[in-house]
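Number 454 marks the last residue of the sequence shown (the UniProt record's numbering); no jumps. Notes to accompany the following structure.
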Amino acid sequence: MALQRLGAHIWRQKAARERLAGVLRPAFLAPSFGAFPSAPFENAARDTQSDSTKLAQAQVQATTTRAPLVYTGFSTANADPRGTTTTSRASAPHVEGRSAVSVAAEYALRNAPRKDWSKAEIQAIFDSPLMDLLFHGAEVHRHFHRFREVQQCTLLSIKTGGCSEDCSYCPQSSRYTTGVKAEKLMAEDTVIAAARRAKEAGSTRFCMGAAWRDTIGRKTNFNQILTYVKEIRGMGMEVCCTLGMIEEAQARQLREAGLTAYNHNLDTSREFYPSIITTRSYDDRLQTLKYVRDAGISVCSGGIIGMGEAAEDRVGLIHTLATLPEHPESVPINALLAVPGTPLQDQKPVEVWEMIRMIATARVTMPTAMVRLSAGRVKFSLPEQALCFMAGANSIFTGEKLLTTPNNDYDQDQQMFKTLGLVPKPPNFMQGADREAAELSGQQEEEQVAAAAM
Ligand code: SF4
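See below:
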């Protein structure tokens, strides 16, 4: 009991610090906190003047007093008599020296994370000048996370190949001739040995992937995976699974076994999705995410760039994730590794600038999420990866392979940590329902203390 109370106390302190950073901190930054708008991108028509002198004065005031900033979407730049500076994208997105990412970052530092983004707002952030995205991604990252910490995760394919789905990027689909052979579920001792090796090598999160459409009718294999989850969680690692679509009851079983997170990527925008996958729908994917969330497991969901999608599809993906009822705790950003034999084999490699744009946009719109620099990292040099960390990525996958595709060399990763002054991020078990329970317990304890003092 005493331990529980201590745990709750520690958590309450942590939650208070987070609240301080995410919500209360604006009070120190902005004397007019009480007058803050509910959102920085206020699209409602305002009583505005176009006098450029007043605009300049208002901007000076905003800079010196940290007066609230309001983004008016796509109207003309202006300022109102209340001293509220407004910025506008209009035809040129960065008039008045403030890009959309700059305004969004400032909002993120002063307020709790938003879940009511419009697609136009995220597009404006995404379209901000790259150096501004990099700078403000770093600013938000440092505010919400320990910037030197990078989590090392290991992803093991525990059931490889022979998948019935037609995901155009995937060498494990039985529809494409890629040389990947269908295998049975990996035996327990092999999986546990791999998890042990991963832990010894510094991984704090172990992810198990199975090339299945779903887990329906796979009771024996599913039960087997539950035992793997229990064992690996018992080793003190975060445990994640990616097993395709799951049902409500299975999500609950995974939660009971101790699963930390379930990965189910949305891959791309709703609009582009049918060009990549036809065997299950975007709504199927969202349904799985809902079951995961409802079961109290933390959500890991991101996507892949470089599949032939347009910029607005990248924005559409982030928009869907950033407007879920709860932001995913984990957002993997993958760059396509085009595998010969798949329909996407001829796609050209993703440039690091595209990754930075995605990472920074995800970081600013979902500030508390772990943004994971995932597949495709092997193509980036150390300086390029450094820019991705600067933009807001705080996790990598280590190990020889990422499912079936090549991954970065272990020794090179260790050297990278040393060169960049990065440190391994410890596991975080306060995720999903565990975090909510701890917060609730902390609140109740605070209320009891307050009541006793009255
Ligand atoms: S991505 Fe997953 S579901 Fe799609 S083909 Fe590959 S293994 Fe199957």
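We put the CB at the ideal spot given by N, CA and C, even for glycine.
Separation of residue j from residue i, as counted between CA atoms
{"i": "Glu121", "j": "Ala100", "result": "8 Å"}
{"i": "Arg285", "j": "Gly244", "result": "9 Å"}
{"i": "Gly202", "j": "Gly97", "result": "43 Å"}
{"i": "Glu445", "j": "Gln415", "result": "45 Å"}
{"i": "Asp283", "j": "Ala451", "result": "46 Å"}
{"i": "Arg218", "j": "Thr190", "result": "20 Å"}
{"i": "Ala67", "j": "Glu106", "result": "For Ala67, the pLDDT reaches just 39, beneath the cut-off of 50, and the residue's location in the model is therefore unreliable, although a value from the coordinates is still provided. One C-alpha to the other measures close to 11 Å."}
{"i": "Glu436", "j": "Gln448", "result": "18 Å"}
{"i": "Pro426", "j": "Ile333", "result": "21 Å"}
{"i": "residue 465", "j": "Ala124", "result": "The requested residue 465 does not occur in the structure, where the chain is confined to residues 1 to 454."}
{"i": "Gly296", "j": "Arg255", "result": "7 Å"}
{"i": "Gln152", "j": "Ala195", "result": "13 Å"}
{"i": "Ser269", "j": "Gly234", "result": "37 Å"}
{"i": "Phe222", "j": "Val350", "result": "36 Å"}
{"i": "Cys241", "j": "Ala453", "result": "46 Å"}
{"i": "Gly302", "j": "His264", "result": "8 Å"}
{"i": "His145", "j": "Thr177", "result": "43 Å"}
{"i": "Glu329", "j": "Lys115", "result": "13 Å"}
{"i": "Ser165", "j": "Glu400", "result": "It is worth fixing the name first, because residue 165 is Glu in this sequence and not Ser. Near 25 Å, if we compare the C-alpha coordinates of Glu400 and Glu165."}
{"i": "Ala311", "j": "Glu188", "result": "43 Å"}
{"i": "Gln431", "j": "Asp413", "result": "27 Å"}
{"i": "Gly442", "j": "Asp434", "result": "12 Å"}
{"i": "Pro171", "j": "Arg252", "result": "30 Å"}
{"i": "Leu422", "j": "Gly392", "result": "13 Å"}
{"i": "Asp294", "j": "Ala249", "result": "11 Å"}
{"i": "Ser381", "j": "Arg148", "result": "19 Å"}
{"i": "Val315", "j": "Met131", "result": "18 Å"}
{"i": "Gln385", "j": "Val352", "result": "8 Å"}
{"i": "Cys388", "j": "Met355", "result": "7 Å"}
{"i": "Glu247", "j": "Leu324", "result": "19 Å"}
{"i": "His143", "j": "Ala198", "result": "30 Å"}
{"i": "Ser298", "j": "Lys418", "result": "30 Å"}
{"i": "Phe272", "j": "Pro343", "result": "15 Å"}
Whole-Å CB distance - residue i paired with residue j, under 8 Å assumed
{"i": "Ala182", "j": "Ser174", "result": "7 Å"}
{"i": "Arg377", "j": "Ser395", "result": "Contact flag wrong, Cβ pair sits at about 11 Å."}
{"i": "Ile158", "j": "Leu185", "result": "6 Å"}
{"i": "His327", "j": "Ala369", "result": "6 Å"}
{"i": "Met366", "j": "Val331", "result": "6 Å"}
{"i": "Thr215", "j": "Val239", "result": "That belief does not hold up - the Cβ atoms of Thr215 and Val239 are roughly 16 Å apart, past 8 Å."}
{"i": "Ala335", "j": "Ala375", "result": "6 Å"}
{"i": "Val364", "j": "Ala138", "result": "No, Val364 and Ala138 are not in contact; Cβ-Cβ is about 10 Å, not under 8 Å."}
{"i": "Met237", "j": "Ile276", "result": "At roughly 32 Å, the Cβ-Cβ gap does not stay under 8 Å, so Met237 and Ile276 are not in contact."}
{"i": "Leu337", "j": "Thr405", "result": "5 Å"}
{"i": "residue 477", "j": "Gly162", "result": "Residue 477 lies beyond the stretch modelled for the chain, which goes from 1 to 454, so this question has no answer here."}
{"i": "Leu155", "j": "Cys207", "result": "4 Å"}
Residues sharing a beta bridge with residue i, DSSP
{"i": "Cys163", "result": "Ser173"}
{"i": "Tyr262", "result": "Cys241 and Val299"}
{"i": "Ala453", "result": "Answer is none; Ala453 lacks a bridge partner."}
{"i": "Asp267", "result": "Gly303"}
{"i": "Cys153", "result": "Arg205 and Phe397"}
{"i": "Val331", "result": "Val371"}
Simplified DSSP state of residue i, which is helix, strand or coil
{"i": "Thr64", "result": "Because Thr64 sits at a pLDDT of 35, beneath the cut-off of 50, its placement in the model cannot be relied upon, and the following sentence gives the value as read from the coordinates. Residue state, collapsed to three classes: helix."}
{"i": "Leu373", "result": "strand"}
{"i": "Val292", "result": "helix"}
{"i": "Arg213", "result": "coil"}
{"i": "Glu183", "result": "coil"}
{"i": "Val350", "result": "coil"}
{"i": "Glu439", "result": "helix"}
{"i": "Thr405", "result": "strand"}
{"i": "Thr178", "result": "coil"}
{"i": "Pro426", "result": "coil"}
{"i": "Phe380", "result": "coil"}
{"i": "Ile125", "result": "helix"}
{"i": "Ile225", "result": "helix"}
{"i": "Ile277", "result": "coil"}
{"i": "Ser32", "result": "Its pLDDT being 26, under 50, Ser32 is placed unreliably by the model, and the measurement read from it follows with that caveat. Coil, per DSSP."}
{"i": "Ile158", "result": "strand"}
{"i": "Glu447", "result": "helix"}
{"i": "Ala79", "result": "Because Ala79 sits at a pLDDT of 28, beneath the cut-off of 50, its placement in the model cannot be relied upon, and the following sentence gives the value as read from the coordinates. If DSSP states are grouped into helix, strand and coil, Ala79 belongs with the strands."}
{"i": "Gln412", "result": "helix"}
{"i": "Glu326", "result": "coil"}
{"i": "Met366", "result": "coil"}
{"i": "Arg233", "result": "helix"}
{"i": "Thr190", "result": "helix"}
{"i": "Gly316", "result": "helix"}
{"i": "Lys418", "result": "helix"}
{"i": "Ile246", "result": "coil"}
{"i": "Lys115", "result": "coil"}
Any chance you could list the residues with Cβ under 5 Å from a heavy atom of the ligand SF4, keeping chain order? Cys163, Glu165, Cys167, Cys170, Gln172, Ser173 and Ala211
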